[in-house]
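Just add 3 to the spot in the sequence shown (first one is 1) and you have this note's numbering.
Notes follow once the structure below has been shown.
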Amino acid sequence: MSVGPPVRLFALGASHHHTPLEIRERFAVAPEKLPSLYEQLRATPGVREALVLNTCNRFEIYTVLEGHDSDALLESSLCDFQKVEPSEFARHRFVLRDGAAVGHLLAVASGIDSQIVGETEIFGQVKSAYSHAITHGTVGPVLNRMVQKCFQAAKHIRSSTPIGEGQISVASVSVDLTEKIFGPLAGCRVLVLGTGDVGEKTAKAMHSRGAGTITVLSRSLDRAKVLGGAIKASAGLLERLPEALAEHDIIVGSTSTTTPLVTGTMVRRLMRSRKLRPLFFIDLGIPRNFDASLAHVVSVFLYDLDDLARIADQNLAARRAAVDRCRRLVDEKAARIWEGIEPRLGHQAPLETSRELQTRRQVV
């Protein structure tokens, strides 16, 4: 009896654990390039299924691979797409196989692998990534079962442990930090750049804490108006940014960009007219929205995602027992999920049939 080529579950990526912010920026995929990445994955020999998770703190690909050299071909294809030297990617990337890949996805979806441990945004980001993969026809029976079971387990972990108490999120940590610097926000003018998930939640958090004036700028005026209407904020196009800077005290950047939207030169010129009145920048973007040189301008405060994570870590000690309990649950549930997935690896339908999932999927 002949034995076919090996089929296995494989996860490849880079995250905040071993990859500094300036390198994560280079690995991140702009939303408009995601369809091209999926097209390349479909064309990569040995890739049977694929799901891309692309967030502020991680770039990860979960795949079902067939063949002895398919992992090397996948990594080479990814580096070619990202225009990153393979040797550089190898210094920062992680590789997980089979049950370890399941455990990692479950830890990610549960929030315990996040840079801000216990944060709430990541579950929605995994759901969105799963939906996109289905749309691009790269989810088959193995990834479908793995993701659905991980969703169920992650919900149980978050509801049965204190890991998510306090609704920890990038948005909530950002607003907490803002209040520590400015005090009550009633007299503050807030400018939010971007209307994606993180930008929307941060704008709403600022509104709920009583921010006096909020302006939302986006590349889409319609989206800016929708968010602005929900929180009684002004709305406009991102091209208004230079003039809007002078009118606000707190600038939140969460939009997609390849170059910084605000530079040190712009802010130095602005600070002369502000008479050194403090200006606070919160950079939630990958790539970053604001140039790092802003931190050296007098009376300007700049915090990025790594800074927010360090602040959140100071409050983690009180929840350490909850984190340890979550990790035990992740290990137990991941092992059971893997037991259900492993037998399916040898009985896969061709990747093209995964499009059928679009008509019968049920995203949890």
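Heads up, the beta-carbon is just placed ideally off N, CA and C, and yes, glycines get one too.
| Asked | Found |
| --- | --- |
| First and last residue of the uninterrupted alpha helix (DSSP H) at E335 | 323-344 |
| Among A214, D72, I166, nearest to G114 - alpha-carbon criterion | I166 |
| Cα-Cα separation, R291 to L311 | 14 Å |
| L196: first and last residue of the uninterrupted beta strand (DSSP E) it sits in | 192-196 |
| T362 versus I137 - alpha carbon distance | Summary for T362: the model assigns pLDDT 42, below 50, so the residue's position carries little reliability, and this model does not support an answer. |
| Collapsed DSSP secondary structure at I253 in the structure displayed | strand |
| Cβ shell of I119 (< 7 Å), same chain only, five flanking positions each side left out | I171, V173, V176, L311, A312, A315 |
| Pairwise C-alpha distance: A157 and G16 | 21 Å |
| Contact set for W341: own chain, Cβ-Cβ below 6 Å, skip 5 residues either direction | G102, V105 |
| Where the beta strand (DSSP E) through E28 begins and ends | Counting along the chain, E28 falls outside any beta strand (DSSP E), though it belongs to the alpha helix (DSSP H) covering 24-30. |
| Assumed close pair L24, D307 - CB separation to whole angstroms, cut-off 8 Å | 6 Å |
| L56 beta carbon less than 7 Å from that of V50 | no |
| Nearest-angstrom Cα separation, counted from R275 out to Q365 | Only weak support is given to the placement of Q365: the predicted model assigns it a pLDDT of 42, under 50, and the value that follows is read from those uncertain coordinates. Whole-angstrom Cα-Cα distance: 55 Å. |
| Own chain residues within Cβ distance below 7 Å of R11, not counting five before or after | L68, R100, D101, L348 |
| Contact with chain B by S113, beta-carbon distance below 7 Å | Of the protein chains in the structure, only one exists, and it is not chain B. |
| The stretch 191-200 contacting the stretch 248-256, beta-carbon criterion three pairs below 8 Å | yes |
| Collapsed DSSP secondary structure at S134 in the structure displayed | helix |
| Reduced DSSP category for I64 - H, G, I as helix; E, B as strand; rest coil | strand |
| Start-end ranges of the beta strand (DSSP E) lying completely within the stretch 37-82, minimum 3 residues | 50-57, 61-69 |
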